[in-house]
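Following my numbering, the numbering of the sequence shown begins with 32 at its first residue and continues without gaps. To keep things clear, I will list the structure first and then write my remarks on it.
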Amino acid sequence: MDDYYPNLSPIRTGLACKCPRCGGGKLFSGYLTVRETCEVCGLDLRGHDSGDGPAVFIIFILGFLVVPMALWVEMTYVPPLWLHAVVWGPVIIGLTLVLLRPLKGIMVALQYRHRSTSEQD
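Here's what the structure looks like:
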């Protein structure tokens, strides 16, 4: 008996960190560790690996957001360099930690959608 699974949006399931097939099970067993299988539908998730994709996207996104803000702060207030390090270091680390998991979820969901693993379900 084949179960029917609706065609879910990889962006929506990825951002929610849910199973890309059923949308119900958790995608991660740790902060960035993809589960072996979905606890709801049984999808084998072992072959899904996002590699360095999420990190590259985070570099581009944060570069696009933080660099103009840092330049604006520099031109407007002219703070000392140590203040830039104190302010922008935690901002970059915090935003990286916030964005990394959802972007990895999106990459895994896109891999599932486009069947880039060797094992089909």
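The beta-carbon is built from N, C-alpha and C at its ideal position, and this holds for glycine as well.
With a beta-carbon spacing of about 17 Å, V129 and S81 fall beyond the 8 Å limit used to define contacts. About 7 Å separates the beta carbon of R132 from that of Y62, a gap short enough to meet the 8 Å contact definition. In this structure, DSSP gives V87 a helical state, which the three-state scheme calls helix. A contact between stretches requires three or more CB pairs, one per stretch, nearer than 8 Å, and the region 65-74 fails this requirement with the region 109-127. Around the beta carbon of P99, a 10 Å sphere encloses fewer than 16 other beta carbons of the protein chains shown; the residue is thus reported as exposed. For the 8 Å CB-CB criterion, I89 and L134 form a contact.
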